[in-house]
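Participant: Dumping the structure here so I can ask a few things about it.
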Amino acid sequence: MTFVPMTVSLPIADRATSYHFYRDGLGLDAVGELADDGLPEPLQFVVNDGLRLMLVPTGGFGWVIGRHEVAARGQSECVLSLGVASSSEADAIVERARSAGGEVVTEPQAQPWGYAAVFADPDGHLWMVSTAPE
1 MTFVPMTVSL
11 PIADRATSYH
21 FYRDGLGLDA
31 VGELADDGLP
41 EPLQFVVNDG
51 LRLMLVPTGG
61 FGWVIGRHEV
71 AARGQSECVL
81 SLGVASSSEA
91 DAIVERARSA
101 GGEVVTEPQA
111 QPWGYAAVFA
121 DPDGHLWMVS
131 TAPE
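First residue of the sequence shown? That's 1 in UniProt numbering, and the numbers climb one at a time after it.
Here it is as structure tokens:
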């Protein structure tokens with residue numbers, strides 16, 4: 001069996017806000033043809049060779065999830081994690097996310113298992129950036 005890159009889809013409130021957060025805050029590259037609003041459609045970012053992130057306006061998310069409801073802001077069923085090589089790299093990502101409109105939920109700090117921080121994107125989706133113990 002051959003797999004293509006996995007895609008994680010998240011509901012968003014505003015395409016432009018989310019585009020700028022993920023491009024400027026996380027440094028991800030968007031892919032796809034430009035739509036009338038000047039942003040790629042579908043709005044996808046390459047996280048790495050095996051993973052893409054697709055951002056779907058909340059109104060359009062319903063056709064995918066059927067009778068399930070989109071979680072209200074502040075309610076999370078998952079945390080997306082980014083592994084980085086060093087604490088300084090983690091600090092830099094957290095500061096870029098903060099500058100791009102993200103909310104830092106847990107400031108970067110040493111943990112028994114490494115170094116980590118958690119931030120929320122403009123729609124409240126949680127991201128953890130972490131390292132192995134240095």
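The C-beta atom is built at its ideal place from N, Cα and C for all residues, glycine as well.
Would you mind sorting I93 into buried or exposed? The rule is 16 or more other CB atoms within 10 Å of its CB.
Facilitator: Within 10 angstroms of the beta-carbon of I93 lie 16 or more other beta-carbons, which makes it buried.
Participant: Thinking C-alpha only, which one of V46, E77 and S130 is nearest P5?
Facilitator: V46
Participant: Is the segment 87-102 touching the segment 67-77, taking contact as three or more C-beta pairs under 8 Å?
Facilitator: no
Participant: For D29, which residues in the same chain have their Cβ closer than 6 Å to its Cβ, ignoring the five residues on either side in sequence?
Facilitator: V46
Participant: If we count Cβ pairs, one from each stretch, closer than 8 Å, do we get three or more for the segment 53-67 versus the segment 96-113?
Facilitator: no
Participant: Per DSSP, G62 is paired with what?
Facilitator: Under DSSP, no beta-bridge partner is assigned to G62.
Participant: Grouping DSSP H, G and I as helix and E and B as strand, with all else coil, what is A120?
Facilitator: Strand at A120.
Participant: Using the Cα positions of L80 and F119, report the straight-line distance between them to the nearest angstrom.
Facilitator: Going by the C-alpha atoms only, they are around 10 Å apart.
Participant: If we require 3 or more residues per run, which beta strand (DSSP E) segments fall completely within the segment 37-122?
Facilitator: 43-48, 51-57, 79-83, 103-111 and 114-120
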